[in-house]
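Notes follow the structure.
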Amino acid sequence: MGTVRVLCWRSLAMLFVLLGMIGVVVPGMPTVVFLLLAAWAGSHGWPQLERWLLQHPRHGGHIRQWREHGAIPRRAKCAASTMMLISIALISLSSAPDYVKIGVPLLLCGVLLWMWRRPEPIE
Numbered sequence: 001m002g003t004v005r006v007l008c009w010r011s012l013a014m015l016f017v018l019l020g021m022i023g024v025v026v027p028g029m030p031t032v033v034f035l036l037l038a039a040w041a042g043s044h045g046w047p048q049l050e051r052w053l054l055q056h057p058r059h060g061g062h063i064r065q066w067r068e069h070g071a072i073p074r075r076a077k078c079a080a081s082t083m084m085l086i087s088i089a090l091i092s093l094s095s096a097p098d099y100v101k102i103g104v105p106l107l108l109c110g111v112l113l114w115m116w117r118r119p120e121p122i123e
């Protein structure tokens with residue numbers, strides 16, 4: 001049973017790493033968010049991967065700042081805000097049902113409020 005549990009955590013961690021790698025090359029898709037999730041999953045079943053992510057030269061600092069302070073860099077907040085606003089505009093121009101045109105922007109506005117209330121990293 002323990003082996004299956006570890007395998008599930010490792011599979012989930014690898015899925016998040018893969019999505020993070022895709023986010024490096026696909027505009028609008030986040031990278032660090034998926035690496036945060038990969039580190040979280042790794043902490044449950046793959047400590048070597050978690051350690052590697054925490055020590056990563058480019059993304060490790062963001063992961064540590066999130067874990068220690070719940071901090072999100074201003075640049076990431078601006079990028080996420082821009083992508084959410086573009087999403088809201090596209091949804092409003094689409095033929096989506098009214099409940100989607102209302103519900104998704106409300107949800108995204110809630111996420112924006114939460115995100116901008118998070119502290120920014122201590123340099």
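Going letter by letter, the sequence shown gives residues 1 to 123 in the numbering used here.
Note that the Cβ used here is the ideal one computed from N, Cα and C, for glycine as well.
N-terminal and C-terminal residue of the alpha helix (DSSP H) that residue i is part of
| i | result |
| --- | --- |
| Ile88 | 74-93 |
| Val6 | 2-25 |
| Arg58 | No alpha helix (DSSP H) contains Arg58, which DSSP labels as neither H nor E. |
For residue i, three-class secondary structure by DSSP
| i | result |
| --- | --- |
| Pro119 | coil |
| Ala39 | helix |
| Trp46 | coil |
| Pro105 | helix |
| Gly110 | helix |
The segment 46-59 touching the segment 81-100, judged by at least three CB pairs closer than 8 Å: no
Cβ contact (3+ pairs, closer than 8 Å) linking the segment 102-117 and the segment 78-90: yes
At least 3 beta-carbon pairs within less than 8 Å: the segment 11-18 vs the segment 32-41: yes
The segment 57-70 in contact with the segment 22-30 per 3-pair CB rule at 8 Å: no
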